[in-house]
Amino acid sequence: MLAKRIIPCLDIKDGVTVKGINFEGLRNVGDPVELAARYAAEGADELVCLDISATIEGRKTFATLVERIAEVIDIPFTVGGGIASVEDAGRLLLAGADKVSVNSAAVRRPELIDEIASRYGSQFIVAAIDAKRMGGKWVVTTHSGSRPTDRELFSWAGETVDRGAGEILFTSMDNDGTGSGYPCETYAALSEMLPVPVIASGGAGSVEDIAEVLTSGHADAALAASIFHYGRIGIGELKAALAAKGIPIRTMTDNTIKSRYHDSI
Amino acid sequence: MKTAIIDYGTGNLRSVENALKRLNAGYVITSDASVIRSAGRVILPGVGEASTAMEKLCETGLDKLIPSLTQPVLGICIGMQLMCEYSEEGDTRCLGIFRTAVRRLGGDSRDKRQDMGTTGGTGLKIPEMGWNSIRCVSPESGKQHGKMGDRRMRSPLFDGIPDESHVYYVHSFAPDICADTIAITEYGRPFSAALGRGNFFGTQFHPEKSGSIGQRLLANFLES
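Quick note, the sequences are listed as chains B and U, same order.
Quick note on the numbering used here: the first sequence kicks off at 1 and runs consecutively.
Quick note on the numbering used here: the second sequence kicks off at 1001 and runs consecutively.
Spelled out as structure tokens, the structure:
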């Protein structure tokens, strides 16, 4: 049975991991390569790294960092932040990314998704969508939630899939970084509408929140940052708790085997 | 002796390369027939679409070379699919090493989408993306091992890897179960998670992205 995925996310600014509340008030939470390796060893099912640098120097640092992280982790690696062209995506692929996520640039120019998908395949592109509730509907926002657009969550999500996105990463900007839980009904509706996996992001405060979005929210994966960075719960502990609730999870017993080959050298 | 990672222009070899680095294994990335022939082991990776990938193998004569290799050969994902007889993807005649055909998971994606609208999200999502569990079977018999199964019948590729271990998949097509099946995964239907015949092995999943289980499998292959 396909397991539900637990995905830690590192927001990287100028080479260091940061995490804020509602994308603001950033705090340095550690060395990204160390964190990545630690999360992979603890049983993370995938790793996402988002570049939130605003400068060209920061972007260069990020590309080098992607390379260093790809060398140390043996799980799927998704990279995003500031990807605006097929060339940007290609550079990150060469650096070792298994997937790229696109966000604001795709809202501005949706063809970006078609271009990346036709060049590298749908499995390589994740559409990240930030939205907040405004006047009774989910309005897609860009630039870390600061700019509302004229797009609505469900129609935009459908369009990204039609254009070739292989996964949807939906973050509720009302909940991100607050630990207040996920909007599960919205996730369930999104997951039922779309033929591709949906990753829930933003708002996890407890094991129960994550369990809920993976069950009643029908999400295929849960992405979180603060809950892991600040040590509120370990990944192994979280996965054991989810497995105990009967949720299909890749458990840590899988990770206890030592390599004979490794031992012999 | 080094392991040759075959580069036939279908994309990213980086993750396989990084996995071999983590195992401290010597490797060379190449499309050169003489380098491949003299390598200790050969890995045929692959991402992308089957008919295009097969065309690339044919352009360089690798379609003749690969089936004639006598050292251990491991195909990964599309690489393994190309080692089967046929793939539904692009209606592609493949190398014919493994005696099976590669078929699409689930139904047509458009149908699936409509179907999901009416079944309340119980439909399969295609591609299968994520971690799924494997069960080893005896080659030839296709029978599942019991808990006390005869370990001698288990493929050496899965040495030290327990049944129900999770491995990482990203795929829309998969090989049918056949006499060469050495491990099975279910997604909508059971399919060949891994194939083995003589010196040839293949995995539909990505061992280079499958954590310590995948690392163990690659180590087993490097020792085979």
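Virtual Cβ for every residue (Gly too), placed ideally from N, Cα, C.
Please read all numbers here as calculations on a predicted model, not as lab measurements.
(request) Put B/ASP88 into one of helix, strand or coil per three-state DSSP. (result) Of the three classes helix, strand and coil, the one that applies to B/ASP88 here is helix, per DSSP.
(message) The alpha helix (DSSP H) that contains B/LYS239, what's its start and end?
(response) It spans 235–244 - the alpha helix (DSSP H) in which B/LYS239 sits, taken as one unbroken run.
(message) By the three-class DSSP mapping on this structure, what secondary structure does U/GLY1061 have?
(response) In the structure shown, the three-state DSSP call for U/GLY1061 is coil.
(request) For B/ASP167, go through chain U and note every residue whose CB falls closer than 8 Å to its CB, in chain order. (result) Looking at the sequence itself, residue 167 of chain B is Glu, so the reference to Asp does not match. Here the neighbours are MET1129.
(request) Report the rounded CA-to-CA distance for B/GLY121 versus U/GLY1048, giving the unit in angstroms. (result) Inter-residue distance for B/GLY121 and U/GLY1048 is about 7 Å (C-alpha atoms, whole angstroms).
(request) Mind reading off the beta-carbon distance from B/ILE10 to B/LEU35? Whole number of angstroms is fine, and I expect it under 8 Å. (result) Note on residue identity: the sequence assigns Leu, not Ile, to residue 10 of chain B. 6 Å between Cβ atoms; contact.
(message) Let's test the definition: count the other Cβ atoms within 10 Å of the Cβ of B/HIS229 and tell me whether it reaches 16, buried, or not, exposed.
(response) Sixteen is the threshold: when 16 or more other Cβ atoms of the shown chains lie within 10 Å of the Cβ of B/HIS229, as they do, the residue is buried.
(message) Can you confirm whether B/ASP74, when its beta carbon is compared against all beta carbons of chain U, has any partner nearer than 8 Å?
(response) With 8 Å as the cut-off, B/ASP74 counts as an interface residue toward chain U.
(message) Can you find the residues in the same chain that come closer than 8 Å, C-beta to C-beta, to U/GLY1142, ignoring five residues on each side of it along the sequence?
(response) Reliability fails at U/GLY1142, whose pLDDT of 46 lies under 50, so the model's placement of it is uncertain and the value that follows must be treated cautiously. Closer than 8 Å at Cβ, skipping near neighbours: ILE1177, CYS1178, ALA1179 and THR1181.
(message) For a cutoff of 8 Å on Cβ pairs, would you count B/LEU2 as touching chain U?
(response) Yes, contact with chain U.
(message) Going by DSSP in three states, B/TYR120 sits in which element: helix, strand or coil?
(response) The answer is helix: DSSP assigns B/TYR120 an H, G or I state.
(request) Please determine, among U/GLN1071, U/ILE1076 and U/ARG1099, the residue with the shortest C-alpha to C-alpha distance to U/VAL1016. (result) Residue U/ILE1076 is the option with its Cα nearest to U/VAL1016.
(message) Judging by CA-CA distance, which residue of B/VAL161, B/LEU238 and B/GLY15 is the nearest neighbour of B/ARG68?
(response) The option with the nearest alpha carbon to B/ARG68 is B/GLY15.
(request) Note down, one range per segment and in chain order, each beta strand (DSSP E) of at least 3 residues found wholly within the segment 1019–1043 of chain U. (result) Listed in chain order, the complete beta strand (DSSP E) runs (minimum 3 residues) inside the segment 1019–1043 of chain U are 1027–1030.
(message) Please confirm whether B/ASP59 has its beta-carbon closer than 8 Å to some beta-carbon of chain U.
(response) Here residue 59 of chain B is Arg; the residue named in the question, Asp, does not match the sequence. With 8 Å as the cut-off, B/ARG59 does not count as an interface residue toward chain U.
(message) Check for me: the beta strand (DSSP E) holding B/VAL276 runs from which residue to which?
(response) Beyond the ends of chain B as shown, which are 1 and 265, falls residue 276 of chain B; an answer cannot be given.
(message) Tell me the DSSP secondary structure of U/MET1129 in three-state form.
(response) Shown here, U/MET1129 sits in a strand according to DSSP, grouped into three states.
(request) Have a look at B/LEU112 and B/ARG91 and give me their C-alpha separation to the nearest angstrom. (result) Pairing B/LEU112 with B/ARG91, the inter-Cα distance amounts to about 15 Å.
(request) Find the residues of chain C that neighbour U/GLY1048, judging by a C-beta separation of less than 7 Å, and give them in chain order. (result) This model lacks chain C altogether; the protein chains it does include are B and U.
(request) Output, in chain order, the set of chain U residues within a Cβ distance shorter than 8 Å of B/LEU94. (result) At a C-beta separation below 8 Å, B/LEU94 has these neighbours in chain U: ASN1012 and ARG1014.
(message) So, under 8 Å CB-CB, U/ILE1126 and U/SER1172 are touching, yes? Tell me the CB distance rounded to an integer number of Å.
(response) Cβ-Cβ separation between U/ILE1126 and U/SER1172: approximately 5 Å, consistent with a contact (criterion under 8 Å).
(request) Could you tell me which of B/ASN175, B/SER146, B/SER226 and B/SER104 sits nearest to B/GLY203, measuring between CA atoms? (result) The option with the nearest alpha carbon to B/GLY203 is B/ASN175.
(message) Let me confirm a value: U/ALA1033 is counted as buried when at least 16 other C-beta atoms fall within 10 Å, else exposed. Which label applies?
(response) Burial state of U/ALA1033 is exposed, judged by a 10 Å Cβ sphere holding fewer than 16 other Cβ atoms.
(request) For U/GLU1223, I'd like the list of residues in its chain whose CB is within less than 6 Å of its CB, leaving aside the five on either flank, ordered along the chain. (result) Its chain contains no residue whose beta carbon lies nearer than 6 Å to that of U/GLU1223 once the 5 sequence neighbours on both sides are disregarded.
(message) Check this for me: beta carbons of U/ALA1174 and U/PHE1200, under 8 Å apart or not?
(response) Going by C-beta atoms, U/ALA1174 is not nearer than 8 Å to U/PHE1200.
(request) Look up B/GLU152 in the DSSP assignment and say whether it is helix, strand or coil. (result) Reduced to three states, the DSSP call for B/GLU152 is strand.
(message) Would B/PRO183 pass as an interface residue toward chain U - the criterion being a Cβ-Cβ separation below 8 Å?
(response) The beta carbon of B/PRO183 does not come within 8 Å of any beta carbon belonging to chain U, so the residue lies off that interface.
(message) In the DSSP assignment, the alpha helix (DSSP H) including B/SER226 goes from what residue to what residue?
(response) Residues 226–229.
(message) If distances are taken between C-alpha atoms only, which option among U/ILE1043, U/ALA1019 and U/ASP1163 comes closest to U/ILE1004?
(response) A small correction: the amino acid at residue 1004 of chain U is Ala; Ile does not occupy that position in the sequence shown. Residue U/ILE1043 holds the alpha-carbon nearest to the alpha-carbon of U/ALA1004 among U/ILE1043, U/ALA1019 and U/ASP1163.
(message) So for U/LYS1002, helix, strand or coil by DSSP?
(response) DSSP places U/LYS1002 in coil when its eight states are reduced to three.
(request) Starting from the C-beta of B/LYS13, find all residues in its chain whose C-beta is less than 6 Å away, skip the five residues before and the five after it, and write them out in chain order. (result) The answer, listed in chain order, is ILE52 and SER53.
(message) For a contact defined as C-beta to C-beta under 8 Å, what are the partners of U/LYS1021 on chain B?
(response) Within 8 Å Cβ-Cβ: GLU71.
(request) Indicate whether at least one CB of chain U lies closer than 8 Å to the CB of B/ASP220. (result) Yes, its Cβ sits closer than 8 Å to a Cβ of chain U.
(request) Let me know the secondary structure DSSP gives B/ALA219 once reduced to three states. (result) B/ALA219: coil per DSSP, three-state reduction.
(message) Strictly below 7 Å CB to CB, what residues from chain B border U/VAL1170?
(response) Contact note: U/VAL1170 reaches chain B through GLN123, using a C-beta cutoff of 7 Å and chain order.
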